[in-house]
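>
Residue numbers (the UniProt record's numbering): 1 to 349.
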């Protein structure tokens with residue numbers, strides 16, 4: 001019988017600042033690796049990417065450089081590292097020859113007492129002599145006796161070929177956490193198609209401000225209207241993916257579920273109808289009301305409110321968005337003034 005066992009796990013990379021974690025990640029990036037977003041309902045929210053095989057999935061996560069926190073922001077960052085140690089299925093501890101101490105002793109104690117498999121990757125071994133490497137191995141073995149030690153050079157690709165197979169052996173039995181064909185590698189493929197070399201990082205929050213504060217040269221964002229891009233001085237370069245929500249219901253719903261379904265449809269239609277129309281208020285001469293009312297049909301008919309200035313009224317109405325500019329132009333020609341246009345949040349008929 002064919003073996004259908006599947007292996008999957010979260011592999012969290014930790015280490016002091018500037019030990020080569022990013023270079024290591026770059027070496028792991030290839031056709032197997034896809035950039036992904038954090039899985040809902042998990043605490044692994046710094047996921048960078050995954051490596052897939054027929055019977056395995058490795059989900060890699062980076063963490064801030066470990067240090068002894070001097071202010072609240074750094075303390076929060078170290079809390080994130082602490083959670084990464086707790087949540088990992090495998091821990092990659094990256095060290096380098098010139099540093100013999102972990103910069104946060106509380107986290108080192110946590111590593112020493114962890115039952116999670118730990119691989120200590122002594123990076124930059126191309127810069128040291130073989131006898132120095134042996135001393136480094138002995139030193140880190142004494143720090144965490146349960147850990148495996150693998151000398152590597154991420155920059156020169158030394159022993160990188162051994163890393164993926166060894167991680168695969170350590171993965172727990174588990175179904176894939178993410179669809180192996182999900183489309184979140186599109187930013188990477190787009191940049192490659194344009195021969196643009198760039199590092200891609202997943203961030204949350206108001207990503208539109210990232211270029212203005214020097215955090216990124218560009219962003220790939222999921223948008224509805226694009227208004228926030230315009231407000232932040234950004235220009236659309238390319239549309240990578242269009243998406244839509246599809247509601248599917250069984251024709252044999254129970255009365256209770258049918259009621260929920262109808263309520264949901266009612267609310268969706270009210271929102272869609274609002275998005276398809278604009279609310280307008282305009283001042284018109286009283287002798288033009290009848291003619292202008294033909295242009296502004298409203299939901300039933302325009303609302304007319306007399307103004308303090310004699311001979312003038314304010315008309316309140318609704319204009320279909322697709323006819324907006326042509327209607328405004330016609331209204332101005334007919335004598336309308338002070339035209340205000342506002343979005344509609346919900347529109348219930």
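All C-beta atoms, glycine included, are put in the ideal place defined by N, C-alpha and C.
Computed from a predicted structure; not experimentally measured.
Near residue 261, which residues of its chain fall below 7 Å by C-beta distance, leaving aside the five closest residues on each side in sequence?
On the chain shown, residue 261 is found 261 positions in, with the first residue counted as 1. Within the same chain, residue 261 has close Cβ partners 249 and 253.
> Touching or not, the stretch 53 to 73 and the stretch 5 to 17, by the rule of three or more beta carbon pairs under 8 Å?
yes
> Between the Cα of residue 60 and the Cα atoms of 70, 88, 77 and 74, which residue gives the shortest distance?
On the chain shown, position 60 is the one that residue 60 refers to. Looking at the Cα atoms, 88 is the closest of the given residues.
> Using 10 angstroms around the beta-carbon of residue 13, count the other beta-carbons present and answer buried if the total reaches 16, otherwise exposed.
If you number the chain shown from 1, residue 13 lands on position 13. Classification of residue 13: buried, given that the 10 Å Cβ count is 16 or more.
> Start and end of the alpha helix (DSSP H) containing residue 266?
In the chain shown, the residue the question calls residue 266 occupies position 266. Note, residue 266: alpha helix (DSSP H), 255 to 275.
> Apply the 10 Å Cβ neighbour rule to residue 96 and answer buried if 16 or more other Cβ atoms are within range, or exposed otherwise.
In the chain shown, residue 96 corresponds to position 96, counting from 1. It counts as buried.
> Restricting to Cα atoms, I'd like to know which of 269, 303 and 288 is closest to residue 279.
Within the chain shown, numbered from 1, the residue matching residue 279 stands at position 279. Of 269, 303 and 288, the residue nearest in Cα terms is 303.
> Would you tell me roughly how many angstroms separate the C-alpha atoms of residue 154 and residue 141, rounded to the nearest one?
Residue 154 sits at position 154 when you count from the first residue of the chain shown. Residue 141 sits at position 141 when you count from the first residue of the chain shown. So the two alpha carbons sit approximately 21 Å from each other.
> Do the CB positions of residue 93 and residue 15 come within less than 8 Å of each other?
Counting from one through the chain shown, the residue named residue 93 turns up at place 93. Counting from one through the chain shown, the residue named residue 15 turns up at place 15. Yes, they are a contact pair.
> So the alpha helix (DSSP H) residue 247 belongs to, where does it begin and stop?
By one-based count along the chain shown, residue 247 stands at place 247. Element bounds for residue 247: n/a, residue is neither H nor E.
> Kindly confirm or deny that the stretch 333 to 343 and the stretch 286 to 294 touch, where touching means at least three C-beta pairs closer than 8 Å.
yes
> Per DSSP, what kind of secondary structure is residue 131 in: helix, strand or coil?
Position 131 of the chain shown, counting from 1, holds the residue named residue 131. In this structure, residue 131 counts as helix in the three-state DSSP scheme.
> I need the straight-line Cα distance from residue 296 to residue 277, nearest angstrom please.
In the chain shown, residue 296 corresponds to position 296, counting from 1. In the chain shown, residue 277 corresponds to position 277, counting from 1. Straight-line Cα distance between these residues: approximately 12 Å.
> Could you check the C-alpha separation between residue 341 and residue 281 for me, to the nearest Å?
For the purposes of this step, residue 341 is taken as residue 341 along the chain shown, with counting starting at 1. For the purposes of this step, residue 281 is taken as residue 281 along the chain shown, with counting starting at 1. Cα-Cα distance, rounded: 7 Å.
> Using the rule of at least 16 other Cβ atoms within 10 Å of the residue's Cβ for burial, across every protein chain shown, is residue 222 buried or exposed?
The sequence position of residue 222 within the chain shown is 222, counting from 1. So residue 222 ends up on the exposed side.
> With respect to 7 Å, is the separation between the Cβ of residue 117 and the closest non-hydrogen atom of the ligand FMN below this value?
Among the components of this structure there are no ligands whatsoever, and the ligand FMN is therefore not found.
> For residue 234, collect the residues of the same chain with a Cβ closer than 8 Å to its Cβ; drop the 5 residues on either side in sequence, then sort them by chain order.
Within the chain shown, the letter at position 234 stands for residue 234. For residue 234, where only same-chain residues beyond five positions count, the Cβ hits under 8 Å are 208, 211 and 219.
> Relative to the C-alpha of residue 115, which residue among 58, 255 and 86 is closest?
As a working note, residue 115 is residue 115 in the chain shown. Taking the Cα of residue 115 as reference, the smallest distance to any Cα among 58, 255 and 86 is reached at 86.
> Which residues mark the beginning and the end of the beta strand (DSSP E) in which residue 57 is found?
Residue mapping note: residue 57 aligns to position 57 of the chain shown, counting from 1. First-last of the beta strand (DSSP E) with residue 57: 56 to 62.
> To the nearest angstrom, report how far apart residue 104 and residue 169 are at their CA atoms.
Indexing the chain shown from 1 puts residue 104 at position 104. Indexing the chain shown from 1 puts residue 169 at position 169. Their backbone Cα atoms lie some 30 Å apart in a straight line.
> Bridge partners for residue 314 per DSSP, in chain order?
To locate residue 314, count along the chain shown from 1; it is residue 314. 283 and 305.
> On the criterion of 16 or more Cβ atoms from any shown chain inside 10 Å, does residue 106 qualify as buried, or is it exposed?
Indexing the chain shown from 1 puts residue 106 at position 106. Around the Cβ of residue 106, a 10 Å sphere holds fewer than 16 other Cβ atoms; the residue is exposed.
> Between residue 125 and residue 151, how many whole angstroms is the CB-CB distance? I'm expecting something under 8 Å.
Residue numbering aside, residue 125 sits at position 125 when the chain shown is read from its first letter. Residue numbering aside, residue 151 sits at position 151 when the chain shown is read from its first letter. Going by Cβ atoms, the distance from residue 125 to residue 151 rounds to 4 Å, so yes, they are a contact pair.
> Which residues bound the alpha helix (DSSP H) around residue 18?
To locate residue 18, count along the chain shown from 1; it is residue 18. Counting along the chain, residue 18 falls outside any alpha helix (DSSP H), and DSSP gives it neither H nor E.
> CA-CA distance, residue 38 and residue 108?
Residue 38 sits at position 38 when you count from the first residue of the chain shown. Residue 108 sits at position 108 when you count from the first residue of the chain shown. Per-residue confidence for residue 38 stands at a pLDDT of 41, beneath the threshold of 50, marking its modelled position as unreliable; the derived number appears in the next sentence. About 26 Å.
> If residue 339 and residue 331 are in contact, beta carbons under 8 Å, what's the gap, nearest whole angstrom?
For the purposes of this step, residue 339 is taken as the residue at position 339 of the chain shown. For the purposes of this step, residue 331 is taken as the residue at position 331 of the chain shown. So it is a contact: roughly 7 Å between Cβ atoms.
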